[in-house]
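Participant:
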Amino acid sequence: FSILSAAVARASAKMLCTCLTVLGGLAAVVYLILVWNFNYWKKAGINGPKPKILAGNLPNMWTQKQHIFYDLKKIYDDFKNEPVVGYFSVRTPQLMIRDPELIKEVLTKSFRYFAANTFSDVVDEKSDPLFARNPFSLSGEKWKTRRAEITPAFTNNRIKALSTLVDEVCVRLSDYVKQNTEKNGSTFDVKELMSKYTTDVVSNCVFAIDAQSFTKENPEIREMGRRIMDFNFKAQPTTS
Numbered sequence: 235f236s237i238l239s240a241a242v243a244r245a246s247a248k249m250l251c252t253c254l255t256v257l258g259g260l261a262a263v264v265y266l267i268l269v270w271n272f273n274y275w276k277k278a279g280i281n282g283p284k285p286k287i288l289a290g291n292l293p294n295m296w297t298q299k300q301h302i303f304y305d306l307k308k309i310y311d312d313f314k315n316e317p318v319v320g321y322f323s324v325r326t327p328q329l330m331i332r333d334p335e336l337i338k339e340v341l342t343k344s345f346r347y348f349a350a351n352t353f354s355d356v357v358d359e360k361s362d363p364l365f366a367r368n369p370f371s372l373s374g375e376k377w378k379t380r381r382a383e384i385t386p387a388f389t390n391n392r393i394k395a396l397s398t399l400v401d402e403v404c405v406r407l408s409d410y411v412k413q414n415t416e417k418n419g420s421t422f423d424v425k426e427l428m429s430k431y432t433t434d435v436v437s438n439c440v441f442a443i444d445a446q447s448f449t450k451e452n453p454e455i456r457e458m459g460r461r462i463m464d465f466n467f468k469a470q471p472t473t474s
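Going by this note's numbering, the first residue of the sequence shown is number 235, and it counts up by one from there.
(1) Is residue 385 helix, strand or coil when you go by DSSP?
(2) Could you pull out every residue in the same chain whose Cβ sits closer than 6 Å to the Cβ of residue 444, ignoring the five residues on either side in sequence?
(3) Which residue spans inside the segment 325-398 form an unbroken alpha helix (DSSP H) run of at least 4?
(4) In three-state DSSP terms, what is residue 320?
(5) Which partner residues does residue 290 have in the DSSP bridge list?
(6) Where do the N-terminal and C-terminal ends of the alpha helix (DSSP H) with residue 429 fall, by residue?
(7) Leaving out five residues on either side along the sequence, give the residues of the same chain with a beta carbon under 6 Å from the beta carbon of residue 295.
(8) Do residue 455 and residue 437 have their C-beta atoms closer together than 7 Å?
(9) If you follow the alpha helix (DSSP H) that residue 276 is in, where does it begin and where does it stop?
(10) Could you give the C-beta distance for residue 319 and residue 330, rounded to a whole number, given that I count them as a contact under 8 Å?
(11) When burial is assigned at 16 or more other CB atoms within 10 Å of the CB, is residue 337 buried or exposed?
(12) Spatial neighbours of residue 250 within its chain, please: C-beta separation below 8 Å, excluding the five flanking residues on both sides.
(13) Just the C-alpha distance for residue 460 and residue 452, rounded to the nearest angstrom, thanks.
(14) Taking only the alpha-carbon atoms, compute the straight-line gap between residue 245 and residue 252 and give it to the nearest angstrom.
(15) Which same chain residues, not among the five before or five after residue 396, have their C-beta less than 8 Å away from its C-beta?
(16) Report yes or no: do three or more beta-carbon pairs, one from the segment 347-356 and one from the segment 365-376, lie closer than 8 Å?
(17) Express the C-alpha separation of residue 400 and residue 409 in angstroms, rounding to a whole number.
(18) What are the boundary residues of the alpha helix (DSSP H) that includes residue 448?
(19) Looking at the unbroken alpha helix (DSSP H) that takes in residue 308, where does it start and where does it end?
See below:
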């Protein structure tokens, strides 16, 4: 019996050792998969922050404690003397351009090489047709076509004409802030305040309508704008 028990113990120990070896090997493989590309910018001779496993250099993309903008701002501030900074979105290498001349080069002379947009890979035109047709989420020929459609609306003369309408809304915003400061003190819901401003600017410039966001409690066009920007998975109610 003692011999049998010893044999079973040895077999169990061997099996445990094998399992641990396999698990260790799998863990090593997973680790290598997660970090294999982390020397991408180093090999290219571009400085940048050291990435972390799973998060890269954008931890707030997962934690949601702050907007991802704060991660990007930290990268920008930490490398003030660098014309470009290499960082990672999870495992994907991304390049932040800080030098104004390089930015100008990318956006003007060499833009044909940088027209690809990562948003176009994740936005579904069927589920979100409004955002999918936005030039900021298009790439390649679709972007080129949409840009050609909207460019005539942004000539110098038209922008000058629109600036007058924008100035009018700025005056209404200023008056609204002054009046409410006298009544309720100096605390404002900035998101709501800027939403009112944006609604009035868009309705004035695009539809030639005074939305009256600063005078009415809940104007219809403001409610429509709120529904458009309310991103969730619930079906939005329709109005007849």
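Beta carbons are placed, not taken as given, at the ideal position from N, Cα and C, and that holds for glycine.
Facilitator: A quick look at the data gives this:
(1) If DSSP states are grouped into helix, strand and coil, residue 385 belongs with the helices.
(2) none
(3) 334-341, 353-356, 363-366, 374-384
(4) strand
(5) Answer by DSSP bridge pairing, in chain order: 286, 323.
(6) 424-441
(7) 302
(8) Yes. Within cutoff.
(9) 274-278
(10) 4 Å
(11) So residue 337 counts as exposed.
(12) none
(13) 10 Å
(14) 10 Å
(15) 439
(16) yes
(17) 14 Å
(18) In the DSSP assignment, residue 448 falls outside any alpha helix (DSSP H), carrying neither H nor E.
(19) Its alpha helix (DSSP H) spans residues 302-312.
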